[in-house]
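Report on one structure; see the data block that follows.
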Amino acid sequence: MTSEVLKNEKLIPYIVVADSYMTETAALADIVLPTTTYLESWGIDSSPALELNPFVGLQQPIVPPFAKSVSIADIFIELVHRIGAGLPRYFKFNSTEEYIKKVASGIEKLEKAGGIKYLKENGVWYDSNAKPRYRSYELKRFSTPSGKIEIYSERLKRRGFQPLPTYEPIPGHGDLKGKFVLVTYEPNVMGSRTGNFKWLTEIKHRNPVWINKDVAKQLHIEEGDRIKISTRLGSFVTDARLTFGIHPRVIAIERNLGHWGVGHIARAKRFKSKDPNTNLVWWEKEGNGISPNPIVSGNSDPIGGGEAWNDTLVIISKA
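Yeah, the sequence shown ends on 320 if you go by the numbering used here, and it's all consecutive.
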């Protein structure tokens with residue numbers, strides 16, 4: 002999908018990107034809004050607790066924003082007030098910090114404990130007298146018309162989908178002869194936003210393709226061989242890693258490597274700075290791996306809209 006978009010700018014004629022780094026997406030944007038990182042931002046959290054006892058947590062900035070960067074929440078708040086059109090009545094605050102104060106003041110027991118001041122001093126608040134609600138859905142019910150889990154969905158039926166769970170063959174997967182299903186996954190403790198973390202990148206900066214050993218033998222591929230992975234959108238070349246720990250019709254590769262943006266470390270380029278570590282990128286000649294994204298098909302689930310990351314069919318050949 003990435004390749005198709007890059008070849009035709011008319012698909013996305015104008016792009017505005019809010020980002021903390023000059024990522025690949027930001028580099029292609031018409032306007033870039035520099036945003037703060039979580040270490041420079043205010044935030045509030047009240048996600049479901051494992052102890053089943055509700056809590057409120059406060060995220061506080063520990064350093065001032067870099068240069069003229071602004072938190073993404075504050076950008077949205079300012080945009081709402083500039084746009085107008087009745088939207089400001091839902092945003093009766095001018096900053097994230099002001100919003101958090103209003104939220105804290107609306108929770109009676111938290112307000113009695115000291116409100117925002119208590120959160121700033123303690124980081125988190127919960128009702129110490131509350132008891133866990135192990136079967137809360139018996140009281141709250143599900144957000145469905147019947148209040149129950151609906152195996153037969155009237156909502157899906159109204160939208161033209163099968164109301165019962167059904168199996169539908171994956172488009173294009175009828176004949177897999179000579180083809181393999183490409184699966185991508187994230188390296189341990191690394192993600193799409195860790196490309197500039199030097200110590201993590203030092204450990205993981207190459208991403209070979211995992212292939213079943215029996216299949217590799219049939220294809221005359223040995224450990225470490227350079228192989229070419231191709232789809233209708235393009236191809237990439239990387240090393241082969243042989244294992245019995247993968248299905249014979251599947252190959253796998255780690256994503257989030259192969260950056261051409263983000264920063265020097267993400268691109269495996271040494272540079273001089275106040276931090277001597279930035280000049281110790283010893284793996285510069287080894288490279289920073291490859292990104293499989295450009296050859297992944299842009300198929301999506303017709304009901305949920307999720308990308309079909311594990312449906313891409315590829316052909317393997319020796320490079």
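No residue lacks a Cβ here, since even glycine has one placed at the ideal position from N, Cα and C. All of these numbers come straight from a predicted model, not from anything done at the bench.
For residue i, which option in the options has the closest C-alpha, if you only look at C-alpha atoms?
i: residue 302; options: 219, 268 and 170; result: 170
i: residue 269; options: 93, 205 and 70; result: 205
i: residue 98; options: 62, 128 and 193; result: 62
i: residue 173; options: 152, 191, 232 and 86; result: 232
i: residue 314; options: 235, 274 and 276; result: 235
i: residue 26; options: 261, 310, 283 and 291; result: 261
i: residue 243; options: 215, 257 and 176; result: 215
i: residue 209; options: 259, 195 and 176; result: 259
i: residue 286; options: 317, 271, 72 and 8; result: 271
i: residue 195; options: 17, 7, 38 and 29; result: 38
i: residue 40; options: 237, 83, 72 and 279; result: 72
i: residue 100; options: 7, 43, 246 and 193; result: 43
i: residue 238; options: 317, 201 and 176; result: 317
i: residue 257; options: 246, 275, 293 and 288; result: 293
i: residue 181; options: 212, 191 and 78; result: 212
i: residue 291; options: 129, 123, 70 and 185; result: 185
i: residue 138; options: 128, 127, 150 and 130; result: 150
i: residue 320; options: 130, 240 and 127; result: 240
i: residue 36; options: 127, 64, 74 and 106; result: 74
So what's residue i in DSSP terms, helix, strand or just coil?
i: residue 319; result: strand
i: residue 267; result: coil
i: residue 36; result: strand
i: residue 313; result: strand
i: residue 282; result: coil
i: residue 19; result: strand
i: residue 253; result: strand
i: residue 1; result: In the structure displayed, the chain extends from 2 to 320; residue 1 sits before or after that span and is not available.
i: residue 57; result: strand
i: residue 1; result: As shown, the chain starts at 2 and ends at 320. That puts residue 1 outside it, with no answer to give.
i: residue 151; result: coil
i: residue 296; result: helix
i: residue 6; result: helix
i: residue 308; result: strand
Taking residue i as part of the beta strand (DSSP E), name the residues at either end of that continuous run.
i: residue 169; result: That residue, residue 169, is in no beta strand (DSSP E); it is neither H nor E in DSSP.
i: residue 185; result: 181-186
Taking residue i as part of the alpha helix (DSSP H), name the residues at either end of that continuous run.
i: residue 204; result: 199-204
i: residue 145; result: Premise fails: residue 145 is in no alpha helix (DSSP H) and is neither H nor E.
i: residue 26; result: 25-28
Next item on the list: Determine contact between the stretch 246-265 and the stretch 8-18, defined as no fewer than three beta-carbon pairs at a distance below 8 angstroms.
Entry: no
Item checked: Those runs of the alpha helix (DSSP H) which lie wholly inside the stretch 70-138 and span at least 4 residues -> 73-84, 97-106, 109-114 and 116-123
Check: For the 8 angstroms Cβ check, are there 3 or more pairs between the stretch 158-169 and the stretch 82-95?
Finding: no
Check: Do the stretch 259-273 and the stretch 221-230 make contact, defined as three or more Cβ pairs closer than 8 angstroms?
Finding: no
Margin query: Can you confirm whether the stretch 43-60 touches the stretch 102-120 when touching is taken to mean that 3 or more C-beta pairs between the two stretches lie within less than 8 angstroms?
Written below: yes
Checklist line | Every unbroken beta strand (DSSP E) inside the stretch 214-249 [3 residues or more] | finding: 227-232 and 235-244
Next item on the list: Please determine if the stretch 127-136 and the stretch 47-54 are in contact, where contact requires at least 3 C-beta pairs separated by less than 8 angstroms.
Entry: yes
Next item on the list: Pair every Cβ in the stretch 218-225 with every Cβ in the stretch 292-302, then say whether three or more of these pairs are closer than 8 angstroms.
Entry: no
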